[in-house]
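Engineer: Each residue of the sequence shown is one higher than the last, beginning at 0 in numbering that gives the first Met the number 0.
Glycine residues also receive a C-beta, built at the ideal position from the N, C-alpha and C atoms.
Can you keep this structure in mind? I'll have questions shortly.
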Amino acid sequence: MIIKWTNKYSGETGYVASVSRKEGHFVSTDDINKAKSYSSKTVSNIIKDLIEYGEGENNNFEIVE
0 MIIKWTNKYS
10 GETGYVASVS
20 RKEGHFVSTD
30 DINKAKSYSS
40 KTVSNIIKDL
50 IEYGEGENNN
60 FEIVE
């Protein structure tokens with residue numbers, strides 16, 4: 000499962016390539032083939048983490064398969 004993000008203000012979209020828990024942010028990619036694939040067990044927790052890091056203030060996250 001892949002996480003797609005959409006910026007709430009600009010409408011820009013992309014995919015989560017990686018998440019840095021240490022730095023509290025994600026790295027984006029425009030290429031779905033370069034996006035990190037998460038298991039169905041962990042994908043919801045990753046989105047929760049991103050929101051806790053403050054990434055949800057400007058972005059909406061959705062799961063794509």
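Just confirm the distance between the C-beta atoms of threonine 12 and lysine 21, as a whole number of angstroms; I'd bet it's less than 8 Å.
Structural biologist: Actually they do not touch by this definition, with Cβ atoms about 26 Å apart.
Engineer: Glycine 58 and threonine 5 look like a contact to me (Cβ under 8 Å); what is the Cβ gap, rounded to whole Å?
Structural biologist: Position check: residue 58 holds asparagine in this sequence, whereas glycine was assumed. Confirmed, Cβ separation roughly 7 Å.
Engineer: Please state whether the Cβ-Cβ distance between isoleucine 46 and phenylalanine 25 is less than 7 Å.
Structural biologist: No; because the gap between Cβ atoms is not below 7 Å, this pair is not in contact.
Engineer: Alpha carbon to alpha carbon, how far is glycine 23 from glycine 10? Give it in angstroms, no decimals.
Structural biologist: C-alpha separation (whole angstroms): 22 Å.
Engineer: Is glutamate 22 helix, strand or coil when you go by DSSP?
Structural biologist: Three-state DSSP puts glutamate 22 in coil, outside helix and strand.
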